[in-house]
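Report on the structure given below.
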Amino acid sequence: MTYDDAIKALSKDALKLVRNNQTVGLGSGRAATSFVKSLSLFVKKKKINVRCIPTSLQIKLEAEKGKLHLIDTVPDKIDIVFDGADQIDKEKNLIKGGGGALLRENILINAAKKVVIMADDSKFVTNFKRDVPVEVHPLARNTVAKAILKIGGKSSIRTLDRGYPFITENGNIIL
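Everything in the sequence shown is counted per the UniProt record's numbering, starting at 1 for the first residue and increasing by one.
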């Protein structure tokens, strides 16, 4: 089974957790995109109302295409968030945010009553094999880099192919 097939199956299975009148957080990336497509069809078929909060422009556009009801302010509590992960270790620690939407993803996850992470076998690792992304306001990059160094880490600014800094939708950089 391909990654896309697995994520489609997981997305459809995750719909069992969606209820009428819920506030639903929509993560970013391939898993979230697949879920949004499934959710759009589910909402139409079941004729239910869900309020959705997207974490990225990519997901917002997909949700608009599916005619989902979008809200742009995070309420005190979000009923459930659906997202993917970059990597998951054996203790269920996650690396997320490889696509650059980590600040908004973390805001929603921390406001959620329940979080559903959709991932196939390829996302599970014994030891993390990639860097942990940290979204930082450009003004704070040196301060945060020093703090990362103090706890034994290393940091560098994520760059695009041509060497320019990767800028998030929030105007921040990723270390």
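Glycine is no exception: its CB is placed at the ideal position from the N, C-alpha and C atoms. Predicted, not measured: the structure shown is a model, and the values here were computed from it.
Measuring CB to CB, does residue i end up less than 8 Å from residue j?
{"i": "VAL43", "j": "PHE82", "result": "no"}
{"i": "ALA119", "j": "ALA9", "result": "no"}
{"i": "PHE128", "j": "ASP89", "result": "yes"}
{"i": "GLY100", "j": "ILE174", "result": "yes"}
{"i": "ASN172", "j": "PRO138", "result": "yes"}
{"i": "VAL18", "j": "GLY66", "result": "no"}
{"i": "ASN20", "j": "ILE48", "result": "yes"}
{"i": "GLU169", "j": "SER56", "result": "yes"}
{"i": "ASP86", "j": "ARG130", "result": "yes"}
Does DSSP put residue i in a helix, in a strand, or in coil?
{"i": "VAL81", "result": "strand"}
{"i": "GLU135", "result": "strand"}
{"i": "LYS47", "result": "coil"}
{"i": "VAL144", "result": "helix"}
{"i": "ALA119", "result": "coil"}
{"i": "LYS8", "result": "helix"}
{"i": "VAL24", "result": "strand"}
{"i": "ALA14", "result": "helix"}
{"i": "LYS129", "result": "coil"}
{"i": "LEU68", "result": "coil"}
{"i": "residue 177", "result": "Because the chain is modelled from 1 through 175, residue 177 falls outside the range shown and cannot be assessed."}
{"i": "LEU160", "result": "coil"}
{"i": "ILE167", "result": "strand"}
Excluding sequence positions up to five away, which residues of its chain have a Cβ less than 8 Å from the Cβ of residue i?
{"i": "LYS60", "result": "PRO54, LEU70"}
{"i": "GLN22", "result": "VAL50, ARG51, ASP79, ILE80"}
Rounded to the nearest angstrom, what separates residue i and residue j at their Cα positions?
{"i": "ILE117", "j": "ALA140", "result": "30 Å"}
{"i": "PHE124", "j": "PRO165", "result": "29 Å"}
{"i": "TYR3", "j": "GLN58", "result": "19 Å"}
{"i": "GLY153", "j": "THR143", "result": "13 Å"}
{"i": "ARG162", "j": "SER156", "result": "16 Å"}
{"i": "LYS12", "j": "LYS150", "result": "44 Å"}
{"i": "GLU105", "j": "ILE95", "result": "12 Å"}
{"i": "ILE109", "j": "LEU103", "result": "10 Å"}
{"i": "SER122", "j": "GLY97", "result": "17 Å"}
{"i": "SER38", "j": "LYS146", "result": "43 Å"}
{"i": "LYS40", "j": "VAL115", "result": "The sequence given here places Ser at residue 40; Lys does not occur at that position. Straight-line Cα distance between these residues: approximately 19 Å."}
Using 8 Å for Cβ pairs, my map puts residue i next to residue j. What's the rounded Cβ distance?
{"i": "ASP79", "j": "LYS113", "result": "6 Å"}
Residues in the same chain with beta-carbon distance under 6 Å from residue i, minus the five sequence neighbours each way, listed in chain order, please.
{"i": "CYS52", "result": "VAL24, LEU26, ALA63, LEU68, LEU70"}
Keeping to the same chain, check which residues put their C-beta closer than 7 Å to that of residue i; ignore five residues upstream and five downstream.
{"i": "ILE7", "result": "ARG30, ALA31, SER34, MET118, ASP120"}
{"i": "ALA14", "result": "PHE35, PHE82, VAL116, MET118"}
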